[in-house]
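**Student:** Sharing a structure below in structure tokens format, with a few things to ask.
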Amino acid sequence: MSMALSHKDRLLLVGQALQYHHKDLRLLEKAFIARGAEGTVEIVDGNGKKTYKIVDQDKYDGNRRLVQVGQSVVQLVTTQTGQKSLFLPSTPIERLTQRAQSLEFYDLIKLNPRQRGVVSPVTLRSVYRAIVGAVWEDSGKDYEIAQQVVHRL
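Numbering-wise (numbering that gives the first Met the number 0), the sequence shown opens with residue 0 and increments by one.
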């Protein structure tokens with residue numbers, strides 16, 4: 000009878016699949032946090048009108064910064080190598096989902112409550128980009144390592 004893997008062990012398996020060992024596993028973990036999945040949003044009632052105030056912007060943003068970094072790295076890699084990647088908007092979502100499942104990270108994605116447990120194509124593409132961003136940051140902005148990870152994804 001096998002025991003269920005811990006969250007950390009599952010992150011380590013993703014790193015193994017990418018053939019990259021993260022020095023700071025928190026960066027990889029953050030790559031799987033969709034915008035709005037964490038952080039606090041307060042409802043402020045101002046003269047009968049409800050407005051929303053984000054209390055902890057960094058937490059609320061989730062993987063947003065890593066997505067932006069990863070997008071730039073992916074563009075650089077695909078431009079330099081001329082190789083197409085899974086990151087293109089034309090890539091069928093089924094292919095992205097299958098790849099995420101084969102890398103065993105699909106279930107690691109922490110969704111915004113409004114997503115009601117459904118990983119949207121935008122969220123899945125963002126996670127791929129955020130993984131690249133996490134590797135870029137963790138590797139000290141090593142282009143060769145980032146290029147290898149983009150191709151492995």
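We put the beta carbon where it would ideally sit given N, CA and C, even for glycine.
1) Apart from the five residues on each side of it in sequence, which residues of its chain come closer than 7 Å, Cβ to Cβ, to Val148?
2) Between Leu24, Asp23, Ser71 and Gln15, which has its C-alpha nearest Tyr142's C-alpha?
3) Could you check the C-alpha separation between Arg113 and Gly35 for me, to the nearest Å?
4) What residues match up with Lys109 in a beta bridge as DSSP calls it?
5) According to the neighbour-count rule (16 or more other Cβ atoms, all chains shown, within 10 Å of its Cβ), is Gln79 buried or exposed?
6) Would you mind giving the Cβ-Cβ distance between Leu152 and Tyr127, rounded to the nearest angstrom? I have them listed as a contact below 8 Å.
7) Would the beta-carbon of Gly61 be found less than 7 Å away from any heavy atom of the ligand HEM?
**Tutor:** Taking the coordinates as given:
1) Position 149 of the sequence shown, counted from the first residue, corresponds to residue 148. Cβ within range, chain order: Leu17, Tyr19, Val131 and Val134.
2) Start at 1 with the first residue of the sequence shown, and residue 142 comes out as number 143. The residue with the shortest Cα to Cα distance from Tyr142 is Ser71.
3) Here the question's residue 113 lines up with position 114 in the sequence shown. Here the question's residue 35 lines up with position 36 in the sequence shown. Straight through space, the alpha carbons of Gly35 and Arg113 are spaced by roughly 9 Å.
4) Position 110 of the sequence shown, counted from the start, is the residue given in the question as residue 109. Answer by DSSP bridge pairing, in chain order: Ile32.
5) For this step, residue 79 is matched to residue 80 along the sequence shown. Its Cβ having fewer than 16 others within 10 Å, Gln79 is exposed.
6) Reading the sequence shown from its first residue, position 153 is the one you call residue 152. Reading the sequence shown from its first residue, position 128 is the one you call residue 127. Yes, they are in contact, since the Cβ atoms of Leu152 and Tyr127 sit about 6 Å apart, within 8 Å.
7) Summarising the ligand content, the structure contains no ligands, and the ligand HEM is consequently not present.
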